[in-house]
Amino acid sequence: MTNVNIITEKTGAVYRGRRWFQTQIARLFPAEFVSKLYYAVAMKRRLDIKHPRTFNEKMQWYKLYYCPVQPLVAQCADKYRVRQYVEAKGYPDILVPLIGVWDSPEEVNWEELPNKFAMKCTHGCGYNIICGDKSSLDLQRVEQLLSRWIKEDFGLFNIEPHYSKMTPKIICEEYIETLAAPLPVDYKIYYFDGVAKAILVCTERAGVGQKVFYDTDWNVMDISRVHPDETQARPRLIDQALKIGSDLAQDFPFVRIDFYDCEGKIIFGEMTFTAGAGLSKVASEEGDAWLGECFNLPDTYK
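Residue numbers (the working numbering): 1 to 302.
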């Protein structure tokens with residue numbers, strides 16, 4: 001399973017057209033207006049930005065009025081600069097070893113890269129190339145994708161302004177080896193004021209996948225939109241991951257921190273501050289409300 005190449009790029013004229021349309025809308029209208037529009041379309045209800053209650057509602061406020069004015073948020077959401085933050089907190093060992101960093105795809109020397117690697121753009125989500133076999137990788141397509149990705153302002157798509165404050169780069173990290181699947185299970189821990197409240201477990205990430213919430217005692221929570229076909233075994237290192245994540249999350253009202261338990265070793269994934277851009281349907285309506293109760297927006301910004 002380790003010789004698979006995975007490019008997390010959505011294709012198709014409809015998707016590309018929607019991205020272009022979102023960019024134009026974001027440049028023409030105020031961010032709050034566009035956020036309300038997208039929320040109404042995605043969630044089928046009106047957004048009350050002044051009195052948010054649910055997680056998604058509060059996330060809309062958070063992404064507009066807290067994240068853009070916090071330099072530390074822009075640093076930690078940046079897939080390259082977050083490494084400095086993790087190291088400063090005392091956890092360099094959980095970082096995937098870095099192979100290279102570049103400002104453009106033209107700078108990449110493909111011959112010098114190992115046969116397996118993970119390459120990504122640092123200023124958004126979904127800009128990933130997981131290479132399990134370089135000899136079968138379509139380098140022309142990869143270079144075209146990187147050239148387009150590096151020029152995109154990810155913050156304009158779903159109105160997440162802190163991404164627009166980043167300097168786009170391309171990084172290459174060592175390939176994370178797993179025995180059973182092309183990609184390791186992803187544990188996305190939801191921290192509120194530094195306290196873990198829920199763990200979103202993402203399995204079968206190379207296919208359709210399944211996303212289910214567990215609590216910190218590893219019980220399936222009833223806040224998920226879907227119920228699991230089977231429960232996941234409790235990861236051996238989950239308690240250690242929860243503690244490390246709490247240390248990393250102390251500086252923020254909310255952050256989701258992603259970890260992998262890779263053959264007995266904790267691997268840091270990323271820090272996400274605007275989960276689902278406030279348009280997420282991973283949780284049920286009841287779950288959206290419960291997570292909203294956990295989310296204390298800072299009074300100084302209200």
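Idealized CB from N, CA, C, for every residue including glycine.
Bridge pairing for residue 121: 170 [DSSP]. Secondary-structure assignment with DSSP links residue 210 through a beta bridge to 203. For residue 254, the enclosing beta strand (DSSP E) stretches over residues 254-262. Contact between the region 43-57 and the region 217-235 is absent, with fewer than three C-beta pairs closer than 8 Å. In this structure, the beta-carbon distance from residue 189 to residue 122 does not fall below 7 Å. When rounded, the separation of the alpha-carbon atoms in residue 158 and residue 299 is 25 Å. Membership of residue 102 in the beta strand (DSSP E) is indicated by the continuous run 98-102. Under DSSP, residue 54 forms no beta bridge with any residue.
Excluding five sequence positions before and after residue 79, the CB atoms of its chain that fall closer than 7 Å to its own CB belong to 120, 122, 171, 270, given in chain order.
Here residue 281 is not near residue 160, since their CB atoms are 7 Å or more apart.
The shortest C-alpha to C-alpha distance from residue 297 to any of 55, 31, 18, 165 is the one to 55. DSSP, reduced to helix, strand and coil, places residue 270 within a strand of the structure shown.
Leaving aside the five residues that flank residue 113 on each side, none in its chain has a CB nearer than 6 Å to its CB. The alpha-carbon of residue 265 is positioned some 32 Å away from that of residue 104.
In its chain, beyond the 5 residues on either side, 72 have a beta carbon closer than 7 Å to the beta carbon of residue 251. For residue 288, the enclosing alpha helix (DSSP H) covers residues 285-294.
Our two residues, residue 164 and residue 27, have alpha carbons roughly 12 Å apart in a direct line. Its chain contains 38, 39, 42, 43, 56, 158 as the residues whose beta carbon lies nearer than 8 Å to that of residue 279, once the 5 sequence neighbours on both sides are disregarded; these appear in chain order. In this chain, the beta strand (DSSP E) harbouring residue 190 covers 186-192. Sequence-distant Cβ neighbours of residue 261 in its own chain, meaning closer than 6 Å and more than five residues away, are 235, 237. Going by C-alpha positions, residue 75 is about 8 Å away from residue 166.
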